[in-house]
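Just so you know, the protein sequences line up as chains A and B, in that order. Using numbering that gives the first Met the number 0, the first residue of the first sequence is number 0, and each one after it goes up by one. Using numbering that gives the first Met the number 0, the first residue of the second sequence is number 0, and each one after it goes up by one.
2 protein chains.
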Amino acid sequence: MRQQPNAATAEIETDDVSIQYGELNNHLGYFIRRAQQWIFRDANSTLAHLRLDVVRYSILEMVSANPGISQVALSGGLGIERARLVALLDELEKLHFITRQRSTTDRRSHALHLTPEGHAVVKEANHLIAAHEEKVIERVGPDAYPLLLAALSTFRSG
Amino acid sequence: MRQQPNAATAEIETDDVSIQYGELNNHLGYFIRRAQQWIFRDANSTLAHLRLDVVRYSILEMVSANPGISQVALSGGLGIERARLVALLDELEKLHFITRQRSTTDRRSHALHLTPEGHAVVKEANHLIAAHEEKVIERVGPDAYPLLLAALSTFRSG
DNA sequence: TATTGTTATACTCTATAACTATA
DNA sequence: TATAGTTATAGAGTATAACAATA
Chain A
0 MRQQPNAATA
10 EIETDDVSIQ
20 YGELNNHLGY
30 FIRRAQQWIF
40 RDANSTLAHL
50 RLDVVRYSIL
60 EMVSANPGIS
70 QVALSGGLGI
80 ERARLVALLD
90 ELEKLHFITR
100 QRSTTDRRSH
110 ALHLTPEGHA
120 VVKEANHLIA
130 AHEEKVIERV
140 GPDAYPLLLA
150 ALSTFRSG
Chain B
0 MRQQPNAATA
10 EIETDDVSIQ
20 YGELNNHLGY
30 FIRRAQQWIF
40 RDANSTLAHL
50 RLDVVRYSIL
60 EMVSANPGIS
70 QVALSGGLGI
80 ERARLVALLD
90 ELEKLHFITR
100 QRSTTDRRSH
110 ALHLTPEGHA
120 VVKEANHLIA
130 AHEEKVIERV
140 GPDAYPLLLA
150 ALSTFRSG
């Protein structure tokens with residue numbers, strides 16, 4: 000939350016407003032970073048009381064949509080290093096949201112599943128995230144929104 | 000660089016392709032995160048031999064566009080914590096790309112400027128980044144690209 | 001030989017609080 | 001009292017390499 004500038008400082012701060020962005024105006028990466036900062040902060044505060052953040056939520060949602068998925072497949076689908084995923088799954092297992100079972104067909108890999116509690120929490124998270132998404136839609140504009148999803152989906156694969 | 004799957008493993012890996020994304024298909028945050036991963040990795044490898052990455056480059060470009068800018072103004076414009084900015088500017092000063100001068104009007108603040116070497120490196124970086132940006136434009140589609148910039152620019156402020 | 005999950009390590013980034021010098 | 005820059009610290013994420021079990 001930013002303070003309103005008072006009358007005395009308002010004049011001095013006007014040069015803040017006239018900041019120039021130079022070439023950054025032509026770089027999608029800059030806008031994407033700023034957008035992600037806002038979106039993640041807003042979504043994380045929405046999910047906090049469920050003991051989740053966007054990364055942990057996306058893991059639960061992926062496991063929900065792909066029961067029995069392996070850790071490498073999950074790693075690839077979410078763009079999280081498989082080494083990093085281990086600690087995240089440890090957490091979610093400790094919260095009793097997921098289970099890791101040895102795969103019967105390939106005993107190297109784990110089959111991931113949601114617990115009943117995991118299903119409940121992901122269901123509630125989906126409601127909360129949908130409300131957050133409405134704010135995003137309003138912010139980028141309802142017309143632009145589906146175009147954004149379509150255009151950015153090309154980065155999903157590698 | 001990802002290995003091509005050979006004939007023997009290709010069949011096994013087909014279930015990788017059929018991964019389901021569930022609700023993530025409706026969440027801009029997920030696509031933004033994947034897009035940023037790709038864009039930052041590509042841009043960073045482009046800039047590496049100049050001893051820059053996208054964050055350090057964006058600092059130089061901002062200082063270039065706003066000579067004499069203060070550290071707090073820069074922090075706000077780029078969405079980098081002012082505490083974090085200190086170490087980044089230390090680095091760029093050590094590389095002789097920028098200078099910190101005490102402001103004559105407010106001796107609490109620093110006026111940031113590019114050195115001649117800084118100007119040269121930012122000029123070269125802009126060429127390299129422009130080539131990178133062409134890849135991005137091709138990837139999201141030339142029609143969608145300007146819409147992305149416009150729609151995401153709403154996140155620049157807060 | 002290659003892959004899955006795991007551990008370990010070093011580095012970077014984020015978030016926060018406190019200190020100083022100035023205003 | 002408030003702000004700009006700085007320092008310090010804890011937590012989270014990234015990148016990489018190596019190892020055991022299994023294929």
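Glycine is no exception: its CB is placed at the ideal position from the N, C-alpha and C atoms.
Buried or exposed, going by whether 16 or more other CB atoms sit within 10 Å of the CB of N24(B)? Result: exposed.
Could you tell me which chain B residues have their CB closer than 8 Å to the CB of Q35(A), listed as they occur along the chain? Under the 8 Å cutoff, chain B gives G28, I31, R32 and Q35.
Which residues in chain A sit within 7 Å of A150(B), going by Cβ to Cβ distance? In chain order, V139, G140, A143 and L147 make up the part of chain A whose C-beta sits under 7 Å from the C-beta of A150(B).
Sequence-distant residues of the same chain with beta carbon closer than 7 Å to D41(B), five excluded per side: So the qualifying residues of the chain are H131 and K134.
Using the Cα positions of E90(B) and P141(A), report the straight-line distance between them to the nearest angstrom. In a straight line, the C-alpha of E90(B) is about 42 Å away from that of P141(A).
Use the C-beta contact count for Q100(A): other C-beta atoms within 10 angstroms, 16 or more gives buried, fewer gives exposed. Classification of Q100(A): exposed, given that the 10 Å Cβ count is below 16.
Between the segment 26-43 of chain B and the segment 34-53 of chain A, can you find at least three pairs of beta-carbon atoms closer than 8 Å? The segment 34-53 of chain A vs the segment 26-43 of chain B: in contact.
Please confirm if T153(B) has its CB atom under 8 Å from at least one CB of chain A. For T153(B), the nearest CB of chain A lies under 8 Å from its own CB, placing it at the interface with that chain.
Do three or more CB pairs link the segment 109-129 of chain A to the segment 118-126 of chain B at distances below 8 Å? As far as the Cβ criterion goes, the segment 109-129 of chain A does not touch the segment 118-126 of chain B, which means the pair count is below three.
Is there contact here, the segment 142-149 of chain A with the segment 144-157 of chain B, by at least three beta-carbon pairs under 8 Å? Remark: three or more beta-carbon pairs, one from each stretch, lie closer than 8 Å, so the segment 142-149 of chain A and the segment 144-157 of chain B are flagged as touching.
For E137(A), count neighbouring C-beta atoms within 10 Å of its own C-beta (all shown protein chains included) and say buried if the count is 16 or more, exposed if not. If you draw a 10 Å sphere on the C-beta of E137(A), you find fewer than 16 other C-beta atoms in it, and that means exposed.
Just tell me which of D105(B), R106(B), I97(B) and T103(B) has its CA closest to the CA of V62(B). V62(B) has its Cα closest to that of I97(B), out of D105(B), R106(B), I97(B) and T103(B).
Buried or exposed for D32(A), please, with buried defined as at least 16 other CB atoms from any protein chain shown within 10 angstroms of its CB. A small fix is needed here, since residue 32(A) is Arg in this sequence, not Asp. The residue is buried, with at least 16 neighbouring Cβ atoms inside 10 Å.
Less than 8 Å separating the beta-carbons of V139(B) and T153(A)? Taking the C-beta atoms as reference points, T153(A) is found nearer than 8 Å to V139(B).
Would I18(A) pass as an interface residue toward chain B - the criterion being a Cβ-Cβ separation below 8 Å? Chain B contact via Cβ: present.
Should T103(A) go down as buried or exposed, given a rule of 16 or more other Cβ atoms within 10 Å for buried? Exposed, because fewer than 16 other Cβ atoms sit within 10 Å of the Cβ of T103(A).
Whole-angstrom distance between R106(B) and S69(B), CA atom to CA atom: Distance from the CA atom of S69(B) to the CA atom of R106(B), rounded to whole angstroms, is 11 Å.
Tell me the rounded alpha-carbon separation between H118(A) and L59(A). In this model, H118(A) and L59(A) are separated by some 8 Å (Cα to Cα).
Note down, in chain order, each residue of its chain lying with its Cβ closer than 7 Å to the Cβ of I38(A), except the 5 sequence neighbours on either side. The residues are V135.
On the DSSP letters alone, give me the boundaries of the alpha helix (DSSP H) that Q36(A) sits inside. Taken as a continuous stretch (DSSP letters only), the alpha helix (DSSP H) holding Q36(A) covers L27 to L46.
Against chain A, does L51(B) count as a neighbour if the rule is that its beta carbon must be under 8 Å from one of theirs? Chain A, which has no Cβ nearer than 8 Å to the Cβ of L51(B), makes this no.
Collapsed DSSP secondary structure at R81(B) in the structure displayed: R81(B): helix per DSSP, three-state reduction.
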